[in-house]
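Under our numbering, the first residue of the sequence shown is numbered 25, with each subsequent residue one higher. Using N, Cα and C, we set each Cβ at its ideal position, and we do this for glycine too. Taking it in order: structure first as structure tokens, then the write-up.
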Amino acid sequence: MAAAHDEFLHAVSHDLRAPLRHIVSFGPLVRELVEDEAQGLPAGARAEACSFLGTMDQASRRMGRMLDGLLALSRIARAPLHRAPVDLNELLAGMPSALAGEAPGRRVEWRIAPGLPTVAGDAALLRQLFNELLGNALKFTRDRTPAIVEIEGDVAGDGSARLAVRDNGTGFDPARAGMLFGVFQRLHRDADFDGMGVGLAKARAIMQRHRGRIGIDAVPGEGCTVVLAWPPGAADAPTP
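As structure tokens, then:
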């Protein structure tokens, strides 16, 4: 069933691109025709027609980004998993500089605890996981000075591991937390925060590939915490 779902996602995201390209390409041509040939129409009607075409163009481009999100989900589910020990201290050490372009001119305090676990996993997928989570943290702390992003983790005696990512951002109603891992699910308006609502769905898919779990909690106006959990035997205890 999961394989059929992955095939469906890939087919939808790939096969819908051709008609969408036509919409994106021909929309501006229609707009030029309206502007050139509709001189006999009242100015208000011409402006309204151009406004409609502008809305169509924006919507089609948004649909393209949504298809990009579906294709990314499909790739996560279908990609070969290259398991090896991944030192999360090392992986996360370079993330603040890698994400600096997403918070230009802002004061961001990165509080990454030492002694994070080493887990068995695919380094590329785990890097993508933290790109999504930390990118979200930067996005939703946009109005905070300073923005604070905290990361801490531990390993239990059975080799299971836990890692938490906290921020002091806008937060949300925790009663709605479960819906956030669905595709295209968002709690904020486009005018407030951009995005397609695919990031947490991708994060969940990556953790599922690693037989792990992901959860999220928040306090409105105070921030949120994302918790990652790896199963027993997945982690090595950190070196003191």
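Enclosing alpha helix (DSSP H) for residue i [first to last residue]
| i | result |
| --- | --- |
| P120 | M119 to A122 |
| G145 | Note, G145: premise wrong, no alpha helix (DSSP H); beta strand (DSSP E) at T142 to G145. |
| M231 | G223 to R233 |
Euclidean distance between Cα positions of residue i and residue j
| i | j | result |
| --- | --- | --- |
| D81 | A124 | 31 Å |
| A223 | P66 | Rather than Ala, the amino acid found at residue 223 in this sequence is Gly. When rounded, the distance between both Cα atoms is 45 Å. |
| A215 | T142 | Any reading at A215 must be qualified, since the residue scores a pLDDT of 48, below 50, and its modelled position is unreliable; the value itself is stated next. A215 and T142: Cα-Cα distance of roughly 39 Å. |
| A144 | L40 | 36 Å |
| L105 | R233 | 8 Å |
| V179 | G139 | 10 Å |
| N155 | V207 | 17 Å |
| D146 | M119 | 17 Å |
| F196 | M231 | 23 Å |
| M87 | A227 | 21 Å |
| P244 | R190 | 13 Å |
| G68 | L53 | 20 Å |
| S121 | A161 | 15 Å |
| I47 | R130 | 38 Å |
| A225 | I238 | 10 Å |
| L116 | V250 | 15 Å |
| D241 | L252 | 12 Å |
| E72 | V58 | 11 Å |
| P43 | D167 | 39 Å |
| R45 | G177 | 45 Å |
Proximity test, Cβ basis, 8 Å: residue i and chain B
| i | result |
| --- | --- |
| A103 | Protein chains in the displayed structure number just one, and chain B is not present. |
For residue i, the residue or residues it bridges with in DSSP
| i | result |
| --- | --- |
| V250 | V189 and I240 |
| G177 | L187 |
| V48 | DSSP output for V48 lists no bridge partner at all. |
| V110 | V143 |
| V260 | Correcting the residue type first, residue 260 is Asp in the shown sequence and not Val. The partner list for D260 (beta bridge, DSSP) reads T142. |
| I172 | E133 |
Start-to-end residues for the beta strand (DSSP E) that takes in residue i
| i | result |
| --- | --- |
| R135 | V132 to I136 |
Outcome for residue i when other beta-carbon atoms lying within 10 angstroms are tallied against a minimum of 16
| i | result |
| --- | --- |
| M203 | exposed |
| F76 | exposed |
| L158 | buried |
| G78 | exposed |
| L97 | buried |
| A199 | exposed |
| F164 | buried |
| T169 | exposed |
| A108 | exposed |
Point to revise | Segment contact, 8 Å Cβ cut-off, at least three pairs: the segment 149-160 with the segment 96-113 | key: Yes: the two stretches touch, three or more of their Cβ pairs being nearer than 8 Å.
**Study point:** the segment 163-180 contacting the segment 124-139, beta-carbon criterion three pairs below 8 Å
**Key:** With the rule of 3 Cβ pairs closer than 8 Å, the segment 163-180 counts as touching the segment 124-139.
Point to revise | Segment contact, 8 Å Cβ cut-off, at least three pairs: the segment 179-198 with the segment 242-258 | key: Here the segment 179-198 makes contact with the segment 242-258; the two share three or more CB pairs at distances below 8 Å.
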